[in-house]
Amino acid sequence: MSPAQPHHNAGSPTHTIIVLESDAVKLPRDIGLQGCAYKIEEYPSTLPSQITQRIKKALVVVTARSVKLDAFVFSEDVSPRLQLVICLSEETDAVDRDACNERGIKMCHCAHVAFSTAISEHAMAMYFALRRRLLVTHRDVQNGLWNEDDSLGGLMKISYGERGRSTPLTCGAEVMGIIGDGFIAQHIARLGRLLGMDTSFAERKGEKSCRDGQLPFKQVLKSSTVLVIALPQCSASSTLIGLSELRSMPRKAVLVNISAGGAVDEAALLDALKNEWISGAVDLSMSGDARQDAGLLIGEHTDEPNPITTPNIATKSLFVRKSVGKVVKQVMETWHRGEWEIVSECMEELKGLGIVYDG
Numbered sequence: 013m014s015p016a017q018p019h020h021n022a023g024s025p026t027h028t029i030i031v032l033e034s035d036a037v038k039l040p041r042d043i044g045l046q047g048c049a050y051k052i053e054e055y056p057s058t059l060p061s062q063i064t065q066r067i068k069k070a071l072v073v074v075t076a077r078s079v080k081l082d083a084f085v086f087s088e089d090v091s092p093r094l095q096l097v098i099c100l101s102e103e104t105d106a107v108d109r110d111a112c113n114e115r116g117i118k119m120c121h122c123a124h125v126a127f128s129t130a131i132s133e134h135a136m137a138m139y140f141a142l143r144r145r146l147l148v149t150h151r152d153v154q155n156g157l158w159n160e161d162d163s164l165g166g167l168m169k170i171s172y173g174e175r176g177r178s179t180p181l182t183c184g185a186e187v188m189g190i191i192g193d194g195f196i197a198q199h200i201a202r203l204g205r206l207l208g209m210d211t212s213f214a215e216r217k218g219e220k221s222c223r224d225g226q227l228p229f230k231q232v233l234k235s236s237t238v239l240v241i242a243l244p245q246c247s248a249s250s251t252l253i254g255l256s257e258l259r260s261m262p263r264k265a266v267l268v269n270i271s272a273g274g275a276v277d278e279a280a281l282l283d284a285l286k287n288e289w290i291s292g293a294v295d296l297s298m299s300g301d302a303r304q305d306a307g308l309l310i311g312e313h314t315d316e317p318n319p320i321t322t323p324n325i326a327t328k329s330l331f332v333r334k335s336v337g338k339v340v341k342q343v344m345e346t347w348h349r350g351e352w353e354i355v356s357e358c359m360e361e362l363k364g365l366g367i368v369y370d371g
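Each number in my numbering comes from the position in the sequence shown (counting from 1) with 12 added on.
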C-alpha cells in the first residue's frame, strides 16, 4: 500500500484529531493545517477497552504515557482514516511500528524531547531528597525523635564502609554516572555539571569497547556516588541493575532510577538499602501501575531504608502540558506540509523544549 498523503483540499470533509490523554498534553487550537478542515476531540485518559471506539474516525492520534497501540488498532477496520500517530510515551514499544509502516501511517515518538526538562528537574529534586535524607528525617521528627540524643544527626550519617559513617556529600564532591545517552540523560548531565558534579556516561552493559564519550559500564558503577538510570522502557533495559551491580557500587552512592520500568531488580534494591550497600534510592519504575501491583518497595517493611517511591508525576504541570502541546503542533504542521523528512530536525531544534518555553 502506498503511503498516506497528508494534503487535503479546502472542500474536503472535516478531519478529526484525537488526543487520548489530554491530562498529559494541552494541544493548541491554532494548528496550521492549511486547506484541511479539522476538529479536535480530547479525552483526559483512555482505557484499553476504549481505544478502538475513540480512534475510529481519527486522521491523527496523539497518545501519551499509558496507552499502548498494537497491530490490531492499526488494522483498516479499526482505524480506516488514520495517517499520523504522535507518541509521547517513554516506552519505545508503546506503538507497533511495524504495523504503522505496513499501513503507511507516519509515526513520531518524541517523549524524549517533550518531557526532557521536566523529568530532568524531577530527577535532581529526588537526588537532593535522597542525599539530604529528607523523608527519613521528616518521619523521625514527626515521631518525636528530634530531641533524643542528637538522633537526627545520626540519621544524616551514611556508611562509608571501612571508613565508618560520616555526613552526606555535597554536590562538588559527587561523581554522577548516567546510564542512557538520550535527551533526558544529556539534560541531567548538564544540571549535574552546573551543580559542580563530575559526570560520565556508561557504555551499554556487556560491551567490550566504548563509544566516544562513554566509559565501561562496570567502571561507572564502581566510581559513581550518584547513579542515574535514564532509559526508555524496552526489553533491552529490563533488569539492568541486580544484586551484583548494587554490591559493586560505593556504600555512599545513591541510585536515581527514572526509567519507565524494569531496569532495577526491586528485591535486590531493597536488600541493598537494608544492608547499607548503597545509601538511598529513587525508583520510578512502577510508573502508573503502582495501584495494580504495589511492588516490593511499598509498605511498612521499607520504613528503615532510604527509598523514595513516587508515581509518574514528573510531567504533571500545566506548563509542561502546554509545552508538549507545542511540540505536537509543530510535528503535525511539518507532516501536513509534506516535509516528514525534517521532523527529526524539528525534534533536534526543540531539544529540551528550548524554543517552546515562551508560554
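Beta carbons are placed, not taken as given, at the ideal position from N, Cα and C, and that holds for glycine.
I need the straight-line Cα distance from Leu-96 to His-134, nearest angstrom please.
Answer to the nearest angstrom: the Cα atoms are 31 Å apart.
Given Val-332, which residues of its chain have a CB within under 6 Å of its CB, disregarding the five upstream and five downstream residues?
If we look at Val-332 and ignore the five residues flanking it on each side, its Cβ neighbours are Ala-130.
Mind checking Gly-373: buried by the 16 CB within 10 Å criterion, or exposed?
The chain is shown from 13 up to 371; residue 373 falls before or after that span and cannot be answered.
Phe-127 by DSSP, collapsed to three states: which one?
Phe-127: coil per DSSP, three-state reduction.
Is it buried or exposed, Glu-88, if we count other Cβ atoms within 10 angstroms and call 16 or more buried?
Exposed: under 16 other Cβ atoms inside 10 Å.
Taking the C-alpha atoms as reference points, what is the distance between Arg-144 and Val-343?
C-alpha separation (whole angstroms): 41 Å.
Using the C-alpha atoms, what's the distance from Met-138 back to Asp-295?
Looking at the two C-alpha atoms, the distance is approximately 10 Å.
Measure the alpha-carbon distance for Gly-254 versus Ala-279 and round it to whole angstroms.
Their backbone Cα atoms lie some 9 Å apart in a straight line.
If you draw a straight line from the C-alpha of Val-187 to the C-alpha of Ser-236, how long is it?
The alpha-carbon atoms of Val-187 and Ser-236 are separated by roughly 5 Å.
Let's see if you can read the secondary structure: which residues bound the beta strand (DSSP E) around Gly-337?
Run containing Gly-337: none in the beta strand (DSSP E); it sits in the alpha helix (DSSP H), 330-348.
How many Å lie between Ser-91 and Thr-64 at the Cα?
Ser-91 and Thr-64: Cα-Cα distance of roughly 8 Å.
Quick check on Glu-33: does DSSP put it in helix, strand or coil?
Looking at Glu-33 - three-state DSSP - the assignment turns out to be coil, as it is neither helix nor strand.
Measuring straight from C-alpha to C-alpha, what distance separates Ser-221 and Arg-259?
Between Ser-221 and Arg-259, the C-alpha separation is close to 23 Å.
Please state whether DSSP places Glu-133 in a helix, a strand or coil.
In the structure shown, Glu-133 sits in a helix (DSSP, three-state: H, G or I).
Is it buried or exposed, Asn-287, if we count other Cβ atoms within 10 angstroms and call 16 or more buried?
Exposed.
Of the residues Asp-42, Leu-330, Leu-267, Gly-292, which one's Cα is nearest the Cα of Lys-51?
When each option's Cα is compared against that of Lys-51, the closest is Asp-42.
Put Lys-220 into one of helix, strand or coil per three-state DSSP.
Coil at Lys-220, not helix or strand.
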